[in-house]
Amino acid sequence: MKKAFILLFSVALLVLSSPVSSAQPVNVADATPTDHPILPPV
Amino acid sequence: MEFGALIKFYRTQKGMTQAELAKGICSVPHLSKIENNSKEANEETISLLLERLEIGLEEMDEKEGLIQTLLGQLGEKINYYLKDKIDEIYQKLQEMEHIIPFSKFIHTYELYKYRYLLFKGFLAEAESQKDLLFKQKKNFSQHEEYLFRYFNAVCLITKGQYKAADELLEALYIDPSNDRPNAEFFYHRAIVKSALEQSGHAIHFGKMALQLFMNEHNFFRILHTLMMLGINYTQSNIYEEAEDCFKHLIRNAELLKQDKLLPQIYHNMGYLQNKKKNFKEALSYYEKSLALQPINNPHYLVTLYSIGENQYALQETAKAKECFQVVSSLAKELGVKKYRLLADFYIFHIVSPEKAFKYLESKVIPYLEATNEHHNDLTRFYKMLSDFYSQQGTYLEAVNYLNKIT
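Heads up: the protein sequence lines correspond to chains A and B, in order.
When the letters of the first sequence are read in order and numbered with our numbering, they come out as residues 32 to 73.
When the letters of the second sequence are read in order and numbered with our numbering, they come out as residues 43 to 448.
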């Protein structure tokens, strides 16, 4: 019950915070850079 | 030295019967008991038997001493990461392999052989050696058992199974009956924590390793530990320290012509600049790194992929696409599934983001979730999918992915 409420609340929050007309694709470059370091030898 | 087994070995090799060997020295049943180690023979009898077999008692003692010295040297070369000199020692030990089973160093030898194979990256052979050792496990001394478990952790690290390695190293660390951990142990703990993206722990163990390596003037391992610390300072957003580590490393590696390490340091400096969103600088370091690497190795793949990502971030789409195409085919050739999936995702994304996100959901995410080792990548992709669905107006999916992040 509590989980369902949280889910519903989150959806409502997301709907409210999103601009309705934005159908723009997500820009991959805007996301956090990927973590790909090269570790030293074992 | 296990003289009974040694006598039996050489008698059989010379095609002698027990009666022929025992004649005039001892009775046949007595010899039989000596050979099976069920009876302690006096030195004189042993000496006479060995003499008949044309083996000197003193010579055998000398050889046992030599085995001990060589094993010590092998361990030292591994600890000091002296890759070029290790084969010579290993070769000498192999030349004595027919005697080693009769010495008291049989288990130590087999254990260090396991470590040597891991050190050289001969994974298949190391696995067979591990199976052989597993069968002998019940005969191990406490120290030998510790070594076996520790080397198993190194084996897991080599295979990229970091969680299992972490559990094993932790168990060894908290067991009070074990030896005091050495620098290499802390170094391996730091590597594992680093791979598991637990940077705070990695820095903690890395600093302990660094101090101990410095005490023993272990030059190569100091460089390796500094690189690992640089990566973890980067991951923890402690950029000044990270930059200090890498600058120090670049200076030393260039000076000492560390050709193998230098491209890795450049790559990780690129990784730091990337994290700071200095994409142009990052690109320059990645390119420097790539130019020094031989094609067709996994590190080349990681660097090329990072170049692709940077070019994409700089909106150099055509160049990025070219990079990802090479990464995809090279990853296929090398059998590195992760980078094939990631590169294909970007290739799709350049053409159609919708198609790319479907691919992300159906191929990339299930793979990353199954391997359970790529937490940072997964978090990033969940966030991207959540944003994507949110912009599409399908909020339930968006929230599902957001929930997965926590």
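Think of the CB as a built atom: it goes at the ideal place given N, C-alpha and C, for glycine as much as any other residue.
As the structure is a computational prediction, the values presented were derived from the model and not from experiment.
Give me the Cα-Cα distance between residue 275 of chain B and residue 350 of chain B, rounded to the nearest whole angstrom. Those two C-alpha atoms are separated by around 24 Å.
Which residues in the same chain have their Cβ closer than 6 Å to the Cβ of residue 210 of chain B, if we skip the five residues on either side of it in sequence? Within the same chain, residue 210 of chain B has close Cβ partners 195.
So with CB distances below 7 Å, who are the chain A contacts of residue 310 of chain B? 68 and 69, listed in chain order.
Where residue 256 of chain B meets chain A, residues with beta-carbon distance less than 7 Å: Within 7 Å of the CB of residue 256 of chain B, no CB atom of chain A is found; the nearest one sits about 16 Å away.
Excluding the 5 residues flanking residue 171 of chain B on each side, which residues of the same chain have their C-beta closer than 8 Å to its C-beta? For residue 171 of chain B, same chain residues with a beta-carbon under 8 Å away, outside a window of 5 residues either side, are 152, 155, 156 and 159 in chain order.
Cβ pair residue 381 of chain B, residue 343 of chain B closer than 8 Å: Closer than 8 Å, so yes.
So residue 250 of chain B contacts chain A; which residues on that side make the cut at Cβ distance below 7 Å? Per Cβ cutoff of 7 Å: no residues; residue 250 of chain B is ~16 Å from chain A at best.
Considering only their Cβ atoms, is the gap separating residue 238 of chain B from residue 208 of chain B smaller than 8 Å? Taking 8 Å as the cut-off, the beta carbon of residue 208 of chain B is found closer than this to the beta carbon of residue 238 of chain B.
Are the segment 350 to 370 of chain B and the segment 380 to 394 of chain B touching by the rule of at least three beta carbon pairs closer than 8 Å? Taking a contact to require three or more Cβ pairs closer than 8 Å, the segment 350 to 370 of chain B and the segment 380 to 394 of chain B qualify as touching.
Classification of residue 77 of chain B by the beta-carbon crowding that lies within 10 angstroms, buried from 16 upward: By the neighbour-count rule (16 or more Cβ atoms within 10 Å), residue 77 of chain B is buried.
Nearest by alpha-carbon distance to residue 296 of chain B: which of B:325, B:278 and B:331 is it? Nearest C-alpha to residue 296 of chain B among B:325, B:278 and B:331: B:331.
Could you tell me if residue 436 of chain B is buried or exposed, where buried requires 16 or more neighbouring beta carbons within 10 angstroms of its beta carbon? The residue in question, residue 436 of chain B, is exposed, as its Cβ has fewer than 16 Cβ neighbours within 10 Å.
Closest Cβ-Cβ distance between residue 369 of chain B and chain A: below 8 Å? Not closer than 8 Å to any Cβ of chain A, the Cβ of residue 369 of chain B fails to qualify, so no.
For residue 222 of chain B, name the three-state secondary structure that DSSP assigns. Note: residue 222 of chain B maps to coil in three-state DSSP.
Supposed contact pair residue 128 of chain B and residue 134 of chain B - C-beta distance, whole angstroms, cut 8 Å: The Cβ separation is near 11 Å, so there is no contact.
Which of helix, strand or coil does DSSP assign to residue 68 of chain B? Residue 68 of chain B falls in the coil class under three-state DSSP.
Spatial distance of residue 325 of chain B from residue 307 of chain B (CA atoms): Approximately 14 Å between the Cα atoms of the pair.
Please classify residue 426 of chain B: does DSSP put it in a helix, a strand, or coil? It is helical.
Run of the alpha helix (DSSP H) containing residue 369 of chain B, from where it starts to where it stops: Element bounds for residue 369 of chain B: 359 to 376.
Measuring alpha carbon to alpha carbon, tell me which residue in B:269, B:74, B:63 and B:206 is nearest residue 413 of chain B. Considering only alpha carbons, the answer is B:206.
Taking 8 Å as the CB-CB limit, is residue 245 of chain B close to chain A? Not one chain A Cβ lies under 8 Å of residue 245 of chain B.
Do residue 193 of chain B and residue 182 of chain B have their C-beta atoms closer together than 8 Å? No, they are not a contact pair.
Would you say residue 290 of chain B faces chain A, with C-beta separation under 8 Å as the test? For residue 290 of chain B, the answer is no, since every Cβ of chain A falls outside 8 Å of its Cβ.
Report, in whole angstroms, the separation of the C-beta atoms of residue 214 of chain B and residue 265 of chain B, which I expect to be a contact under 8 Å. With 8 Å as the limit, residue 214 of chain B and residue 265 of chain B do not qualify as a contact, their Cβ atoms being about 25 Å apart.
Under 8 Å, do residue 70 of chain A and residue 280 of chain B count as touching if we go by C-beta distance? No, Cβ-Cβ distance for residue 70 of chain A and residue 280 of chain B is not below 8 Å.
Determine contact between the segment 86 to 94 of chain B and the segment 61 to 78 of chain B, defined as no fewer than three beta-carbon pairs at a distance below 8 Å. Contact holds: three or more Cβ-Cβ distances are below 8 Å.
is_contact[residue 306 of chain B, chain A] using C-beta, thresh 8 Å: Taking 8 Å as the threshold, the shortest C-beta distance from residue 306 of chain B to chain A falls below it.
When DSSP labels each residue in this structure, what does residue 312 of chain B get in the three-state scheme? Here residue 312 of chain B carries a helix assignment [DSSP, helix/strand/coil].
Quick check: what's the CA-CA separation for residue 148 of chain B versus residue 108 of chain B? The straight-line gap from Cα to Cα measures roughly 13 Å.
Going by C-alpha to C-alpha distance, which of B:327, B:441, B:73 and B:336 sits closest to residue 309 of chain B? Cα-wise, what sits closest to residue 309 of chain B is B:327.
Per-residue DSSP class, three states only, for residue 413 of chain B: In this structure, residue 413 of chain B counts as helix in the three-state DSSP scheme.
Where residue 236 of chain B meets chain A, residues with beta-carbon distance less than 7 Å: Going along chain A in sequence order, the residues near residue 236 of chain B (Cβ under 7 Å) are 70.
Should residue 247 of chain B go down as buried or exposed, given a rule of 16 or more other Cβ atoms within 10 Å for buried? Per the 10 Å Cβ criterion, buried.
Rounded distance between the beta-carbons of residue 406 of chain B and residue 5 of chain B, thought under 8 Å: With chain B running from 43 to 448 in the structure shown, residue 5 of chain B is simply not present.
If we call anything under 8 Å between Cβ atoms a contact, is residue 219 of chain B one with residue 277 of chain B? Against a cut-off of 8 Å, the Cβ pair of residue 277 of chain B and residue 219 of chain B comes out as no contact.
Is there a Cβ of chain A sitting closer than 8 Å to that of residue 196 of chain B, yes or no? By this cut-off, residue 196 of chain B is an interface position.
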